[in-house]
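**Q**
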Amino acid sequence: MVDVLVIGGGNAALCAALMAREAGASVLLLESAPKEWRGGNSAHTRNIRAMHDAPEDVMLESYAEEEYWQDVLKVTSGLTDEKLARLVIRASSQCREWMKHHGVRFQPPLSGTLNLSRTNAFFMGGGKALVNAYYRSAEKLGVQIRYDSPVDSIDIQDGKFIAACVGAERIEAKTCVLAAGGFESNREWLKEAWGVNELGESPADNFLIRGTRYNNGVLLKQLIALGADSVSDPTQAHMVAVDARAPLYDGGICTRIDAVSFGIVVNKNAQRFSDEGEDFWPKRYAFWGRLVAQQPGQIGYSIIDSKVLGRFMPPVFPGEKADTLEELARKLGLDPAALVKTIQTYNAACQVGTFDHTIMDDCHTIDLEPPKTHWALPIDTAPFYAYAVRPGVTFTYLGLKTDETAAVRLQGQPSKNLFVAGEMMAGNVLGKGYAAGIGMAIGTVFGRIAGTEAAKAALVQNMEAQHATA
Ligand SMILES: Cc1cc2nc3c(=O)[nH]c(=O)nc-3n(C[C@H](O)[C@H](O)[C@H](O)COP(=O)(O)OP(=O)(O)OC[C@H]3O[C@@H](n4cnc5c(N)ncnc54)[C@H](O)[C@@H]3O)c2cc1C
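What the sequence shown shows, in this note's numbering, is residues 1270 to 1739, in sequence order.
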């Protein structure tokens, strides 16, 4: 029987598998996806948010614990477990050397990276290169890896993990790490969570999934049904406004629309619905998918003029372009008179100061509802551009409650041999909201803890068995 069974094949699972193997345990990793799609959402990532007290390798200046914590507190509006959040923050300063040891390479940030050069370390070759490096290292260390192996259920008896089932096959292990992602790829569950809005629409019908199709939450659902303690709620998720033309799965980073804070966003009635300049884009981008999800038809239109071109990362596909606002409205299928009125009202409310998108500048609106509190420039310079946007779900936050040992808690009791990492428990730190790069920080830190604890628990069982037979 294997010591540690790791369920999942993304960053959290690989960190757990590597740590468990390094601690001397035998490890089997079950990845639902075929080899060519391995790595889950982690394969789409670019960076990790990391605390540092002084300039270090690719990290500039400093990003101290307190500032990181205040960022988490702000984006979650306090819906976070401070002890676990601080644990992630502190440990995020210590994982880069270990990551490099397993083949991950870092690079200085390039332009278009959401002003993250001080706070985030970027992976050379992105998340795809990171997971490939981890798989290579895991193979070299003797971790057994099986692809095309979706675990349908696990057998738990008296709070103890016994076995996992893949189809008709039953795989026993001494301990288990659950790192199988959220339930973002499970449309039925998303529909159930989001229900029907006042217009009779099922908002989740119009959600696009930015990453893998394999995170369907089967085990999350089973564990919650079995009485595992859970955190967050099923509608909370990292949700980005993505190009409405993006594919249903795996559109990845290049479908994100980063023009929002440079212009305005209207719904299909050509009405604005939120402050596009509330905060720096890295702290707001993950809210916009949700805001669009709350609009009729779950669609929005990000509108800019030519003054701001070149100031944000351009989406992969060009947007609609027109010389007049009426023509732009017609191309978008919006009522031209309504759009012109919204933009004229907005333009009239703009108090132009000194525009600077690298600071919270003094360009804001007055007497406008909703206001635009920063970067408010009139939309007056043709040609005009627009991108239709849909809610793009990155990952869901409903997860398993845990503690600093990464143990799954069943009816309040920490399991001795079942651990959890990554998206399956990210809701402990992220009750809502997001700060770019924290997903990989949570997955790396808790993946490493879960692997270490699982190995420790398995090796104790091995020792006990040896004593019993001695
Ligand atoms: C487009 C995009 C960009 C992102 N960019 C960043 C970024 O730059 N920085 C950042 O911090 N975060 C980013 N994120 C979020 C980040 O991907 C996640 O927070 C992190 O990767 C989660 O890691 P994980 O291992 O928990 O999940 P995943 O990487 O999704 O891994 C889950 C794994 O479980 C497998 N699986 C699922 N169900 C089963 C089952 N029943 N049996 C067996 N295996 C199963 C899946 O196939 C997958 O391999 C991004 C996400 C997306 C989609």
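The C-beta atom is built at its ideal place from N, Cα and C for all residues, glycine as well.
1. Going by DSSP, name the residue or residues bridged to Met1508.
2. How should Arg1415 be labelled, buried or exposed, when 16 other C-beta atoms within 10 angstroms of its C-beta is the threshold for buried?
3. Ends of the beta strand (DSSP E) at Arg1599?
4. Grab me the residues of Gly1428's own chain with a C-beta within less than 7 Å of its C-beta, minus the 5 sequence neighbours each way, in chain order.
5. Taking buried to mean at least 16 other C-beta atoms within 10 Å of its own C-beta, is Glu1305 buried or exposed?
6. May I have the straight-line CA-CA distance separating Phe1688 from Thr1713, to the nearest angstrom?
7. Who does Asp1424 pair with in a DSSP beta bridge?
8. Where are the alpha helix (DSSP H) runs, 4 residues long or more, that stay fully inside the stretch 1435-1480, in chain order?
9. Between the C-alpha atoms of Leu1517 and Ile1648, what's the straight-line distance to the nearest angstrom?
10. Let me check one thing: in DSSP terms, what residues is Ile1573 bridge-paired to?
11. My assumption, with CB atoms under 8 Å, is that Cys1434 sits in contact with Val1446. Please give the rounded CB distance.
12. Would the C-beta of Gly1309 count as close to ligand 1, meaning under 8 Å from any of its heavy atoms?
13. Please specify which runs of the alpha helix (DSSP H), each continuous and at least 4 residues long, are wholly inside the stretch 1310-1350, giving them in chain order.
14. Where does Gln1491 sit, in a helix, a strand or coil, going by DSSP?
15. Assuming Gly1451 contacts Phe1664 (C-beta within less than 8 Å), just tell me the rounded distance between them.
16. How many angstroms separate the CA atom of Gly1579 from the CA atom of Gly1347?
17. Considering only residues of the same chain and omitting the five flanking positions on each side of Thr1721, which have a CB-CB separation below 8 Å?
18. Using a Cβ-based criterion (distance less than 8 Å to any ligand heavy atom), does Pro1516 qualify as near ligand 1?
19. Ile1522: beta carbon under 8 Å from a heavy atom of ligand 1?
20. Any chance the stretch 1565-1582 sits against the stretch 1643-1662, with 3 or more Cβ pairs inside 8 Å?
**A** Once the coordinates are examined:
1. For the purposes of this step, residue 1508 is taken as residue 239 along the sequence shown, with counting starting at 1. DSSP lists Val1662 as partners of Met1508.
2. Working through the sequence shown from its first residue, we reach residue 1415 at position 146. By the 10 Å Cβ count, Arg1415 comes out exposed.
3. Taking the first residue of the sequence shown as position 1, residue 1599 is located at position 330. Careful: Arg1599 lies outside any beta strand (DSSP E), inside the alpha helix (DSSP H) at 1594-1601.
4. Here residue 1428 is taken as the residue at index 159 of the sequence shown, counted from 1. Excluding sequence neighbours, Gly1428 sits near Leu1679, Gln1682, Ser1684.
5. As a working note, residue 1305 is residue 36 in the sequence shown. When all chains shown are included, Glu1305 counts as exposed.
6. Taking the sequence shown and counting its residues from 1, the one referred to as residue 1688 is at position 419. Taking the sequence shown and counting its residues from 1, the one referred to as residue 1713 is at position 444. If I take the Cα positions, the gap works out to 14 Å.
7. Taking the first residue of the sequence shown as position 1, residue 1424 is located at position 155. DSSP, once it has assigned bridges, lists Ala1432 as partnering Asp1424.
8. 1456-1463
9. Residue 1517 sits at position 248 when you count from the first residue of the sequence shown. Residue 1648 sits at position 379 when you count from the first residue of the sequence shown. Going by the C-alpha atoms only, they are around 32 Å apart.
10. Position 304 of the sequence shown, counted from the start, is the residue given in the question as residue 1573. DSSP output for Ile1573 lists Tyr1654 as bridge partner(s).
11. For this step, residue 1434 is matched to residue 165 along the sequence shown. For this step, residue 1446 is matched to residue 177 along the sequence shown. No, Cys1434 and Val1446 are not in contact; Cβ-Cβ is about 17 Å, not under 8 Å.
12. Residue numbering aside, residue 1309 sits at position 40 when the sequence shown is read from its first letter. Flag set: Cβ of Gly1309 near ligand 1.
13. 1334-1345
14. As a working note, residue 1491 is residue 222 in the sequence shown. If DSSP states are grouped into helix, strand and coil, Gln1491 belongs with the helices.
15. Taking the sequence shown and counting its residues from 1, one reaches residue 1451 at position 182. Taking the sequence shown and counting its residues from 1, one reaches residue 1664 at position 395. The Cβ separation is near 4 Å, so the contact holds.
16. Translated into positions along the sequence shown, residue 1579 becomes position 310. Translated into positions along the sequence shown, residue 1347 becomes position 78. In a straight line, the C-alpha of Gly1579 is about 35 Å away from that of Gly1347.
17. Taking the sequence shown and counting its residues from 1, the one referred to as residue 1721 is at position 452. Once the five neighbours on either side are set aside, the close Cβ partners of Thr1721 are Met1288, Ala1289, Ala1292.
18. Here residue 1516 corresponds to residue number 247 of the sequence shown, with the count starting at 1. False, no ligand heavy atom lies under 8 Å from that Cβ.
19. Within the sequence shown, residue 1522 is the residue found at index 253, counting from 1. For ligand 1, at least one heavy atom lies less than 8 Å from the Cβ of Ile1522.
20. yes
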